[in-house]
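Undergrad:
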Amino acid sequence: MLFLRYSFLFIAITWQAIAWAGNDVNSWLMRISDAASSIDYDGVYIHINGSHVDSLRIVHKIKPDGVHERLYALNGVPREVIRDPNKVWCFIPDKSMGVLGVRPGKDSGFPGFMVSKIEQLEDNYDLSVGSQDRIADRNTTQIRIIPRDDMRYGYDLWADNETGLLLKSQLIDHAGYAVEQYLFALLNISKSIPDASLDPMTPKSELVWHSDKKPPRITAVKESDWEISSLPAGYKIIKMVRRWMPMEENAVEHIVLSDGLGAVSIFIEASDDGTMPVSLNSMGAVSAYSTNRDGWQITIIGEVPPDTVKKIGDSLVYRTRP
């Protein structure tokens, strides 16, 4: 449950891309980032996570107020997600229920690709333009992002030559194995996608809806009570906040690390009994490490190798104040 609880906070973290001048890799990454927020499309993509395979239809439309999306699972139990710039509706028709949430950030059904500073990337990854390929009946160019150590994953990306839209993404471990991948099987890029394509299969009126009545209260933190004694090379603290979740008295301290591409979230909260077992788990690309320390419950989660989250968790030290 902790893994799922903190996963929702982790995936909400996004970074705005910045404009770069320079070589072809930089230009391709900029095109990929821009395409996700400027192009309308309707398609079917495949998500492969270990041995699990999902196929989903996605409708992605840009309106004056931002990105609107509809996702519909084509295999397994029917599931549907409707997104607008502010909210997310999750439809669970077999249970006659729906979940309404606030949309935190600019997440999308099919992964986009936004990074921070290119200089930081080049410190930790080798970047190159690879081969040509044909995906969803469109010509694409491969962009390779190869890590220089085993503390982070690599990426193989294939972008549409005409629009820059990302059509295939593979997350690669240090042995060269694809930990997770997304790829389009069918794609229609069009400026005339009707608004009706965003309507859900199941009317909202047929479901019982659940939502958080009170969003978490969040305050920025200038200096944490915790420090990381042995931070993996290339990772830096980019954000520190405290969150008060609804119906909970104790705050959760949330520290975000990044190497310019991979992100790691640290969640620290007071523990009532300190009996939560130490665990190290992976679900596809996401690794999570949980431990207890002197009355504190610590959870580290990120799209990084398991050894990375464990090293960070074991390096956390509580500051002794004078």
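Numbering of the sequence shown is given in the working numbering, commencing with residue 7 and proceeding in unit increments. We treat Cβ as the ideally placed atom computed from N, Cα and C, and that holds for glycine.
How many whole angstroms separate the CB atoms of L189 and Y78, which I take to be in contact at a CB cut-off of 8 angstroms?
TA: Going by Cβ atoms, the distance from L189 to Y78 rounds to 17 angstroms, so no, they are not a contact pair.
Undergrad: When we look at the beta-carbon of H53 and count the other beta-carbons within 10 Å, is it buried (16 or more) or exposed?
TA: buried
Undergrad: Would you report the Cα separation of D132 and R150, rounded to the nearest angstrom?
TA: 8 angstroms
Undergrad: Whole angstroms are fine: how far does the CA of F273 sit from the CA of Y295?
TA: Rounded to the nearest angstrom, the two C-alpha atoms are 10 angstroms apart.
Undergrad: Taking R330 as the reference, which of F97, V292, V59 and I141 has the closest Cα?
TA: Nothing about residue 330 can be reported from this structure: the residues present for the chain run from 7 to 328 only.
Undergrad: Can the beta-carbon of I244 be found closer than 8 angstroms to that of V258?
TA: No, Cβ-Cβ distance for I244 and V258 is not below 8 angstroms.
Undergrad: In the DSSP assignment, find the unbroken beta strand (DSSP E) run with N55 in it and report its ends.
TA: Y47 to N55
Undergrad: Hey, is L193's beta-carbon within less than 8 angstroms of any beta-carbon in chain D?
TA: Although the question refers to chain D, the structure presented lacks it and comprises just one protein chain.
Undergrad: Straight-line CA distance for G28 to P209?
TA: Because the pLDDT of G28 is 35, which lies under 50, any placement of that residue in the model is unreliable, and the number read from its coordinates should be weighed accordingly. Their backbone Cα atoms lie some 49 angstroms apart in a straight line.
Undergrad: Could you tell me how far apart the beta carbons of D265 and R325 are, in whole angstroms, since I believe they sit closer than 8 angstroms?
TA: Not a contact, Cβ separation roughly 24 angstroms.
Undergrad: Quick check on V315: does DSSP put it in helix, strand or coil?
TA: helix
Undergrad: Can you tell me whether D166 is buried or exposed? The criterion is at least 16 other CB atoms within 10 Å of its CB, across all chains shown.
TA: buried
Undergrad: Quick one, which of G301, W302 and V315 has its alpha-carbon nearest N287's?
TA: V315
Undergrad: Hey, how far is the Cα of P153 from the Cα of G160?
TA: 5 angstroms
Undergrad: Do D341 and I199 have their C-beta atoms closer together than 8 angstroms?
TA: Outside the modelled stretch of the chain, which goes from 7 to 328, sits residue 341, for which no answer is possible.
Undergrad: Could you give the C-beta distance for H58 and L204, rounded to a whole number, given that I count them as a contact under 8 angstroms?
TA: With a Cβ gap of about 27 angstroms, H58 and L204 do not count as contacting.
Undergrad: Hey, how far is the Cα of R249 from the Cα of A226?
TA: 9 angstroms
Undergrad: M207: which of L80, D71, A276 and T146 sits nearest, CA to CA?
TA: Of the listed residues, the one whose Cα sits closest to M207 is L80.
Undergrad: Counting only the same chain and skipping the five closest in sequence on each side, list residues whose C-beta sits under 6 angstroms from that of K67.
TA: Closer than 6 angstroms at the Cβ level, and outside the excluded window around K67, lie D46, H74 and I199.
Undergrad: Since I38 sits in a beta bridge, which residues does DSSP pair it with?
TA: Note: I38 is not bridge-paired with any residue in the DSSP secondary-structure output.
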